[in-house]
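Trainee: Numbering (full-length UniProt numbering), first residue to last: 1 to 556.
Ideal placement from N, C-alpha and C gives every residue a C-beta, glycine not left out.
#1: Mapping DSSP to helix, strand and coil, what is residue 418?
#2: Would you mind working out which of 456, 423 and 289 sits nearest residue 218, comparing C-alpha positions?
#3: May I ask which residues mark the beginning and end of the beta strand (DSSP E) holding residue 406?
#4: The beta strand (DSSP E) that contains residue 136, what's its start and end?
#5: Only counting the same chain, and skipping five residues up and downstream in sequence, which positions put a Cβ closer than 8 Å to that of residue 82?
#6: In terms of alpha-carbon separation, which member of 11, 144 and 239 lies closest to residue 282?
#7: Are the CB atoms of residue 163 and residue 115 nearer to each other than 7 Å?
#8: How about residue 502 and residue 536: do their beta carbons lie closer than 7 Å?
#9: Need the endpoints of the beta strand (DSSP E) that residue 114 sits in, please.
#10: Spell out a yes or no on whether the stretch 306 to 323 and the stretch 479 to 487 are touching, meaning 3 or more CB-CB pairs, one atom from each, closer than 8 Å.
#11: My guess is that residue 320 and residue 336 are in contact by the Cβ rule of under 8 Å, so how many angstroms apart are they, rounded?
#12: Which value, in whole angstroms, describes the spacing of the CA atoms of residue 431 and residue 357?
#13: From which residue to which residue does the beta strand (DSSP E) around residue 200 run?
#14: Please state whether DSSP places residue 479 in a helix, a strand or coil.
#15: Under a Cβ-count criterion, where at least 16 other Cβ atoms within 10 Å of its own Cβ denotes burial, should residue 206 be classed as buried or exposed?
#16: How do the stretch 296 to 308 and the stretch 464 to 474 stand: do at least 3 beta-carbon pairs fall below 8 Å, yes or no?
#17: Can the beta-carbon of residue 166 be found closer than 7 Å to that of residue 260?
#18: Are the CB atoms of residue 415 and residue 421 within a distance shorter than 7 Å?
#19: Please confirm if the stretch 226 to 237 is in contact with the stretch 184 to 202, defined as three or more CB-CB distances below 8 Å between the two stretches.
#20: Helix, strand or coil: how does DSSP classify residue 211 here?
#21: So the alpha helix (DSSP H) residue 349 belongs to, where does it begin and stop?
#22: Please state the DSSP three-state secondary structure of residue 95.
#23: Can you confirm whether the stretch 435 to 455 touches the stretch 397 to 416 when touching is taken to mean that 3 or more C-beta pairs between the two stretches lie within less than 8 Å?
#24: Rank 352, 419, 158 and 332 by C-alpha distance to the C-alpha of residue 376 and give the top, closest one.
#25: Have a look at 364, 343, 348 and 19 and flag the residue whose alpha-carbon is nearest the alpha-carbon of residue 425.
#26: Tell me the DSSP secondary structure of residue 319 in three-state form.
#27: Would you mind stating whether residue 22 and residue 9 have Cβ atoms separated by less than 7 Å?
#28: Report yes or no: do the stretch 224 to 234 and the stretch 168 to 187 share at least 3 C-beta pairs separated by less than 8 Å?
#29: Could you tell me the distance, in whole angstroms, from the CA atom of residue 262 to the CA atom of residue 271?
#30: Give the straight-line distance between the Cα atoms of residue 96 and residue 67, rounded to the nearest whole angstrom.
#31: Does the beta carbon of residue 505 fall short of 6 Å from some heavy atom of the ligand ATP?
#32: Would you list the one or two residues that DSSP bridges to residue 334?
#33: Evaluate the contact criterion for the stretch 496 to 512 versus the stretch 524 to 539: three or more CB pairs, one atom per stretch, below 8 Å.
#34: Can you give the beta carbon distance from residue 351 to residue 386, rounded, assuming they're within the 8 Å contact cut?
#35: If we call anything under 7 Å between Cβ atoms a contact, is residue 34 one with residue 63?
#36: Which term fits residue 242, buried or exposed, when burial requires 16 or more other beta carbons within 10 angstroms of its beta carbon?
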């Protein structure tokens, strides 16, 4: 595919101009990052944002894979001496991988199939003769192919010929495309119960007897059905009116007029071709396509949820009391100062099974008297409602201006057990680290949440049902764009935060923190040039997203 055509395809898919696509591709190939291009190369791209630039990058990578596959397929067919100019032209004109695979299917090296076995028995000439429809005495013709060692009788000969034709029909790219289109248009997704006992909470009850047109089913139902099938609770199939499919195939291979006895044999081969070879294959393709579309939409929703969490307004400059609610193990409390430094941790037991409300209230009141706390962050997990009421009662008794906020604690337990948390608070228990994290999330959500693997933040109902590779890539991109949108204080940022800055790797981020700890705070951004493994290109990509508050140079 020529570069001009590639640019036109990308431009159409992303809804931009070909010149913009060209500019983005060139900038990416020069080693520039998506955030850098979005912010500092607007004049070249026509002010495309991060999402559009990422879409260009993703589409370009797909086309590169497509072109590589075309070259490979052409080479493989050429090695068989079966490549014609028409076939090569058709392969080169393909704009999706599925089309390339359809064209390659007849030439693909197959395992031993019914057709290959029949060919080994010398029955391919009989199959060819059946398609010529010039047969008067079918049985007599087939008898000529009976062989004491390989073909037992006339029926075996005809069955073998039908097997060859069935595979030949199934490999026809144009017919597969017609059937695929028809199946998408008129197919129905049908689900039924396989093992109701395994569905203890009746989560999938609505799908025990359910059907919906393939082209109308909404993404979240696809993910639900897939989960039910994976858990062996549901049976799932795509049903297509077979009569219409057979008509499509008959029109291609059965003559409009004539009464050759071969017609009945070819019709049997066509029906077998569809039921045994085409239908299962097309159903897999449609299921994969439905799943891919559902995953794409779900990942988009998960990504937006994460973006909203990361970009919550920070509440900096305030002492915060973090509360990690629980019943049996008690509520963990953590006090952090305005910089996020942990000052004190403790535990109280205001809830069953062994509540000590009076002592718990006394502990909280003592903390509020000891520190200038103006806000309390309560995690939204187990016992959150009861803890909220408990804290509200205390604040009413004190008649104080101190307020409380319910904080999303998703992923806090993951953070508290992580290497980052252990390194930061080696002397604290896991639950105590969670309380610190909850307090810091209120102060600076972005800085705290980047310490957690994006998937662990808990951004959607079906996040474990989608491609984990695609989910990780999308969520990581969201974190990167959020971090670079906000910018980073190079003197306070953790390595976890710095590694998401444009151009910086995890190693370089750790080197920045190490140098800062050894030599003190940076006073200019230019000092970063001395950081190990931070070269000129990395400096160019990162520097616009790093800040040195209080620096003499206003641009820093």
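Mentor: Reading off the structure:
#1: coil
#2: 289
#3: 403 to 407
#4: No beta strand (DSSP E) holds residue 136; DSSP gives it neither H nor E.
#5: 107
#6: 239
#7: yes
#8: No; because the gap between Cβ atoms is not below 7 Å, this pair is not in contact.
#9: Note, residue 114: premise wrong, no beta strand (DSSP E); alpha helix (DSSP H) at 114 to 120.
#10: yes
#11: 5 Å
#12: Cα-Cα distance, rounded: 20 Å.
#13: Residue 200 -> no beta strand (DSSP E), and no H or E assigned at all.
#14: helix
#15: With fewer than 16 other Cβ atoms from the protein chains shown falling within 10 Å of its own Cβ, residue 206 counts as exposed.
#16: yes
#17: no
#18: yes
#19: yes
#20: Residue state, collapsed to three classes: strand.
#21: Careful: residue 349 lies outside any alpha helix (DSSP H) and carries neither H nor E.
#22: Coil, per DSSP.
#23: They touch, by the three-pair rule.
#24: Selected option, being the one with the closest Cα: 332.
#25: 343
#26: In the structure shown, residue 319 sits in a strand (DSSP, three-state: E or B).
#27: no
#28: no
#29: 14 Å
#30: 10 Å
#31: Among the ligands in the structure shown, none appear at all, so the ligand ATP cannot be discussed.
#32: 322 and 345
#33: Yes: at least three Cβ pairs fall under 8 Å.
#34: 5 Å
#35: no
#36: Exposed.
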